[in-house]
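Let me begin by presenting the structure, written as structure tokens, before commenting on it.
Residue numbers (my numbering): 186 to 306.
Put into structure tokens, the structure is as follows:
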């Protein structure tokens with residue numbers, strides 16, 4: 186049975202193409218990482234990752250000049266909540282005229298966004 190599945194799997198999965206210039210790996214050189222290397226790197230920070238009493242919400246902040254369609258963001262929010270239960274997901278909306286900034290400590294004005302559901306970060 187596994188041989189039959191593997192024979193069809195060649196058609197299901199295409200090889201990963203070489204990075205193009207607009208891709209992250211097309212402009213940056215990164216070393217490959219094994220799963221074991223990832224696990225050993227993450228282990229010291231295990232208590233800082235995942236849901237906790239102080240980390241209950243995943244905030245989505247659209248960045249860039251192109252505005253994403255509201256329905257697409259809502260579908261992404263629902264998907265994230267289903268996948269990362271028990272966390273909630275919230276779409277943050279930039280206030281008009283505020284700079285795009287994902288790190289509030291580096292912005293000129295504090296927190297240039299607000300939550301769409303009244304649950305500010």
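All residues carry an ideal CB built from backbone N, CA and C; glycine is no exception.
Predicted, not measured: the structure shown is a model, and the values here were computed from it.
Local Cβ density within 10 Å of residue 271, reported as buried at 16 or more and exposed below that: exposed
Could you check where the alpha helix (DSSP H) with residue 279 kicks off and where it finishes? Careful: residue 279 lies outside any alpha helix (DSSP H), inside the beta strand (DSSP E) at 273-279.
Could you tell me how far apart the beta carbons of residue 244 and residue 277 are, in whole angstroms, since I believe they sit closer than 8 Å? 5 Å
The alpha helix (DSSP H) that contains residue 258, what's its start and end? 255-268
Rounded separation between residue 259 and residue 274 - CA only: 10 Å
On the three-state DSSP scale, how would you describe residue 245? strand
Please name the residue or residues paired with residue 237 in a DSSP beta bridge. 240
Between the Cα of residue 268 and those of 248, 226, 236 and 279, spot the shortest distance and give me the residue it belongs to. 236
Hey, quick one: how far does the alpha helix (DSSP H) through residue 195 stretch, first residue to last? 187-197
In angstroms, rounded to a whole number, what distance separates the CA positions of residue 192 and residue 201? 18 Å
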